[in-house]
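Student:
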Amino acid sequence: MAISQMQKLSLILPKDDLDRLLLALQAQANVQIYDLSENEEWQAAFEVSALSQPLTEDNRQALVELQKRQEQVEKMIQTLEAYMPEKKAMQALKEEPLSLSFNDLQAHGMIRDEDLLLTKLKRQLRVLDKAHQKIADAKGEIERLEKWRPLEVTPAALATFHYVHGLIGTIPNSDTDAVRSSLKAHPELELEEVFTSETEHGYMILYRSGDRTAVQELLEEHGFKELDYEEEQLPAAYLDRLEGEIKEQEAVVAATLAELQNSQKELDQLKYQMDYLLSLGAREEAKSLLASTQSLVALEGWIETAQVASLRDFLRQGFGSRVLLETRDVTKKDWDDVPIQLRNSALVEPFELVTEMYALPKYYEKDPTPIVSLFYFVFFGMMVADIGYGLLLTVATGFALKAFKLKPGTAKNLRFFSLLGISVALWGVVYGSFFGFEMPFALISTTSNAMTILILSVVFGFITVLVGLFLGGMKNVRLKDYTEAYNSGFAWVLILLGLMLLAVGNILPGMALLVPIGKWLAILNAIGILIVSIVSTKKLSGLASGLFNLYNVSGYVGDLVSFTRLMALGLSGASIGSAFNLIVNLFPPLGRFTVGLLLFIVLHAINMFLSFLSGYVHGARLIFVEFFGKFYEGGGKPFRPLKPSERYIKTKK
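For what it's worth, this note's numbering labels the leading residue of the sequence shown as 1, then goes sequentially.
Now the structure itself:
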């Protein structure tokens, strides 16, 4: 239950075996390759051009093409998924994810060219887009010409008349209708109304052939707009034809949509291909991290110590003596670069989420997760503290873990909250709270024992601070910084213990013996801080730093006050739940079991959500500030081995 021990790994092999080796390392998924060009030991060789990267210009161009292929496949996956029949949430969660062994995935990707599949799907999408466009165009034409359906002659036919000419178009509608009256009264014009609407009137206007210029000028003065219609068919026939085209294109759309909706097999093939391409891309990108001569390639990286033997056997079986493997222990100068892999028991592992949310530990630090799990378990439960809420959280998350096929990250989150639900229920037993109702078996009553809960909160805070200071002292001992270990760690543990004994001795009868013990424990270690500060600096100025260190006692008081939120949130959640129950009890019996029951569920759901949110946020805050602030530096880099892509496909072991 700690940070997994790492070793540096070096591999030297013939250039011809590089692709096969990278494929083998990716299948093993236990080696993180690092960039040799950034390594001080290798930089000099790169600078004098004794070494180069095995990623040639051709390789770089191939990598660019590979990235383009990935973009095309990913875009098609997203497009095709939009046409898939929508699955119910429960059905989607229960569905087994696509899975394939890494070797089968490679074989699948190498023998399948996605171009044929993409071409087929793109053709279907073009047919669909073209049909949609034709439908939109036809509907636009219908909307524009529907009002002209009664028209019995086309503009083209009207233009062939010899003795009488005509114009077809619209004039604006007006409240006074003076324009229309004026045109109707004109002796040289004959108006036939085709339609009328709120905004305009449609007319066919006839006049003698010799008066065209004068008529057009007159009509333009009155806002006449000529109809844009070039078809030889009458509008009624043309509109019927458009409606027929719409039906034809809607049939095309329906057929194409049915094909796309039945393309689950093609979608799965694209997902297989995408993970193959991503895995291939990771291997190609890894080449830029290596060094090579004309015939050899060098690779360095990190591997967990527990995996070295299995990798050695694997390479011996697959490559014989063609690959030289060397491992070295991590040295102090490597500490900042070593990637971090946490290994904890099943009960502690979910609480890695809290540690990772703050920062991974550095390699020289200890993994704080086992201790964090204890404190966070207690804090969260104390701030929510309800049997019903806890059981509901544990049962709901447990059901989801059993019933649904979840990604590892999601499952880890659910296990985290499932464990926290147990804590909430246990503290609910202590407080005697069940959905806001006070149970008769309460060990500590939230209504009459508030001071007890306050003292308990401060005690938990005191323990947390002491443990943090002790761990800080131990960390500095490992780093051989004994001055800091005493001044910032062990001395304060003893001072705070002394102050606690002093307080207990003064408060509790019969414990007066603790007063002198506590007083001298605090005084001697305070003096010890001053002496160590002066001796370590070998100057009197160390006295100032020692005095400043002692001033930190006010900060520890603030830390203890911060833990009173354990009481405040626990009491507030219980009080709100009790108030909700009181509201429901105000209903008459019939209303209490109808509307009241619904109201009970809604109100407690809100209180539950807010209580869980407060417990999550404030629990993390207590860990990050009051606990981690005493000893934990963090800043480690996660262990990221070369491994198969699992964006869509779960890799079978």
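Glycine is no exception: its CB is placed at the ideal position from the N, C-alpha and C atoms.
Owing to the predicted nature of the structure, the values given are computational and were not obtained by experimental measurement.
(1) How many Å lie between V253 and D137 at the Cα?
(2) Please return the same chain residues whose Cβ sits closer than 7 Å to the Cβ of P350, not counting the five positions on each side in sequence.
(3) Any idea what DSSP makes of Y272, helix, strand or coil?
(4) When burial is assigned at 16 or more other CB atoms within 10 Å of the CB, is Y551 buried or exposed?
(5) Do the CB positions of V215 and Y203 come within less than 8 Å of each other?
(6) On a Cα-Cα basis, can you pick out the residue from L277, D17, T154 and A579 that is closest to L105?
(7) Along the chain, where does the alpha helix (DSSP H) containing P516 start, and where does it finish?
(8) Per DSSP, M511 is paired with what?
(9) Run the CB neighbour count on M567, radius 10 Å, all protein chains shown included, and call it buried at 16 or more, exposed below.
(10) Could you name the residues of the same chain whose beta carbon sits closer than 8 Å to that of L353, not counting the 5 residues immediately before and after it, in chain order?
(11) Indicate the three-state DSSP secondary structure (helix, strand or coil) for L13 in the structure shown.
(12) Can you list the alpha helix (DSSP H) stretches of 4 or more residues lying completely in the segment 139-163, in chain order?
(13) Which of helix, strand or coil does DSSP assign to M439?
(14) Near I387, which residues of its chain fall below 7 Å by C-beta distance, leaving aside the five closest residues on each side in sequence?
(15) Verify whether the separation of the beta carbon atoms of V458 and F563 is less than 8 Å.
(16) Keeping to the same chain, check which residues put their C-beta closer than 7 Å to that of L239; ignore five residues upstream and five downstream.
(17) Can you give the Cα-Cα distance for L290 and L391, rounded to whole angstroms?
(18) Taking the alpha carbon of A579 as the point to measure from, which residue in I444, A605, D481 and G436 has its own alpha carbon closest?
(19) Can you check DSSP and say which residues form a bridge with G301?
(20) Grab me the residues of Q249's own chain with a C-beta within less than 7 Å of its C-beta, minus the 5 sequence neighbours each way, in chain order.
(21) Looking at the secondary structure, which residues open and close the alpha helix (DSSP H) in which L599 lies?
(22) Using beta-carbon positions only, say whether F379 and L622 come within less than 8 Å of one another.
(23) When you compare only the Cα positions, how much space is there between L125 and Y648?
(24) What does the Cβ neighbour count give for A574, buried or exposed, with the cut at 16 atoms within 10 Å?
(25) Give me the Cα-Cα distance between G281 and L100, rounded to the nearest whole angstrom.
(26) Return the Cβ separation of M608 and E304 in integer angstroms, given the expectation that the two are a contact with Cβ distance under 8 Å.
(27) Could you check whether L521 and G498 sit closer than 8 Å to each other, using their CB atoms as the reference points?
(28) What are the boundary residues of the beta strand (DSSP E) that includes H201?
(29) Using the Cβ count rule (16 or more neighbours within 10 Å means buried), how would you classify M367?
(30) Name the DSSP beta bridge partners of H165, please?
(31) Using DSSP with H/G/I as helix, E/B as strand and the rest coil, what is A254?
(32) Go through the segment 425-491 residue by residue and report every complete run of the alpha helix (DSSP H) that reaches 4 residues or more, in order.
(33) Do R112 and Q269 have their C-beta atoms within less than 8 Å of each other?
(34) On the DSSP letters alone, give me the boundaries of the beta strand (DSSP E) that E193 sits inside.
(35) Taking the alpha carbon of I453 as the point to measure from, which residue in Q91, R565, L80 and K271 has its own alpha carbon closest?
(36) Taking the C-alpha atoms as reference points, what is the distance between A298 and L11?
Tutor: From the atom records:
(1) Numbered from its first residue, the sequence shown carries residue 253 at position 253. Numbered from its first residue, the sequence shown carries residue 137 at position 137. Going by the C-alpha atoms only, they are around 15 Å apart.
(2) By one-based count along the sequence shown, residue 350 stands at place 350. If we look at P350 and ignore the five residues flanking it on each side, its Cβ neighbours are K412, R415, F416 and L419.
(3) By 1-based counting over the sequence shown, the position of residue 272 is 272. Correct three-state label for Y272: helix.
(4) One-based indexing of the sequence shown puts residue 551 at position 551. So Y551 ends up on the exposed side.
(5) Sequence index remark: in the sequence shown, residue 215 carries index 215 (1-based). Sequence index remark: in the sequence shown, residue 203 carries index 203 (1-based). Cβ distance not < 8 Å, so V215 and Y203 don't count as in contact.
(6) Taking the sequence shown and counting its residues from 1, the one referred to as residue 105 is at position 105. The shortest Cα separation from L105 among L277, D17, T154 and A579 belongs to L277.
(7) Taking the sequence shown and counting its residues from 1, one reaches residue 516 at position 516. Here the alpha helix (DSSP H) through P516 covers L514 to T537.
(8) For the purposes of this step, residue 511 is taken as the residue at position 511 of the sequence shown. Its beta-bridge partners do not exist; DSSP assigns none.
(9) Residue 567 sits at position 567 when you count from the first residue of the sequence shown. The residue in question, M567, is buried, as its Cβ has 16 or more Cβ neighbours within 10 Å.
(10) Here the question's residue 353 lines up with position 353 in the sequence shown. K412, N413 and F416, listed in sequence order.
(11) Taking the first residue of the sequence shown as 1, we reach residue 13 at position 13. Three-state DSSP puts L13 in a strand.
(12) 155-158
(13) One-based indexing of the sequence shown puts residue 439 at position 439. In the structure shown, M439 sits in coil (DSSP, three-state: anything other than H, G, I, E or B).
(14) Translated into positions along the sequence shown, residue 387 becomes position 387. Excluding residues within five positions, the ones whose Cβ falls inside 7 Å are A425, G428, V429, S433 and F434.
(15) Here the question's residue 458 lines up with position 458 in the sequence shown. Here the question's residue 563 lines up with position 563 in the sequence shown. Yes, they are a contact pair.
(16) Start at 1 with the first residue of the sequence shown, and residue 239 comes out as number 239. Cβ neighbours of L239 beyond the five flanking positions: I142, L145, E146 and R149.
(17) Within the sequence shown, residue 290 is the residue found at index 290, counting from 1. Within the sequence shown, residue 391 is the residue found at index 391, counting from 1. So the alpha carbons of these two residues sit roughly 53 Å apart.
(18) Working through the sequence shown from its first residue, we reach residue 579 at position 579. Of the candidates I444, A605, D481 and G436, the one whose C-alpha sits nearest the C-alpha of A579 is G436.
(19) The residue you call residue 301 lines up with position 301 of the sequence shown. Answer is L9 and I33, bridged to G301.
(20) Taking the first residue of the sequence shown as position 1, residue 249 is located at position 249. Result list for Q249: A131, K134 and I135, in chain order.
(21) Translated into the one-based positions of the sequence shown, residue 599 becomes position 599. Where L599 is concerned, the enclosing alpha helix (DSSP H) stretches over V595 to R621.
(22) In the sequence shown, counting from the first residue as 1, residue 379 sits at position 379. In the sequence shown, counting from the first residue as 1, residue 622 sits at position 622. Their beta carbons are under 8 Å apart, which means F379 touches L622 by this criterion.
(23) To locate residue 125, count along the sequence shown from 1; it is residue 125. To locate residue 648, count along the sequence shown from 1; it is residue 648. So the alpha carbons of these two residues sit roughly 23 Å apart.
(24) Working through the sequence shown from its first residue, we reach residue 574 at position 574. With 16 or more Cβ atoms within 10 Å of its Cβ, A574 is classed as buried.
(25) Taking the first residue of the sequence shown as position 1, residue 281 is located at position 281. Taking the first residue of the sequence shown as position 1, residue 100 is located at position 100. Cα to Cα, G281 sits roughly 19 Å from L100.
(26) Here residue 608 is taken as the residue at index 608 of the sequence shown, counted from 1. Here residue 304 is taken as the residue at index 304 of the sequence shown, counted from 1. With 8 Å as the limit, M608 and E304 do not qualify as a contact, their Cβ atoms being about 41 Å apart.
(27) Here residue 498 refers to the residue found at position 498 of the sequence shown. Here residue 521 refers to the residue found at position 521 of the sequence shown. Going by C-beta atoms, G498 is nearer than 8 Å to L521.
(28) Looking up residue 201 in the sequence shown gives position 201. That run of the beta strand (DSSP E) goes E200 to R208.
(29) Here residue 367 refers to the residue found at position 367 when the sequence shown is read from its first residue. Reading off the sequence, residue 367 comes out as Asp, not Met. Looking at its Cβ environment, which holds 16 or more other Cβ atoms inside 10 Å, D367 is buried.
(30) On the sequence shown, position 165 is the one that residue 165 refers to. H165 is bridged to Y207.
(31) Taking the first residue of the sequence shown as position 1, residue 254 is located at position 254. Residue state, collapsed to three classes: helix.
(32) 450-478 and 482-485
(33) By 1-based counting over the sequence shown, the position of residue 112 is 112. By 1-based counting over the sequence shown, the position of residue 269 is 269. The answer is yes: Cβ separation under 8 Å.
(34) Here the question's residue 193 lines up with position 193 in the sequence shown. First-last of the beta strand (DSSP E) with E193: E190 to T196.
(35) Taking the first residue of the sequence shown as 1, we reach residue 453 at position 453. It is R565.
(36) The residue given as residue 298 occupies position 298 in the sequence shown. The residue given as residue 11 occupies position 11 in the sequence shown. Distance between the alpha carbons of A298 and L11 is about 6 Å.
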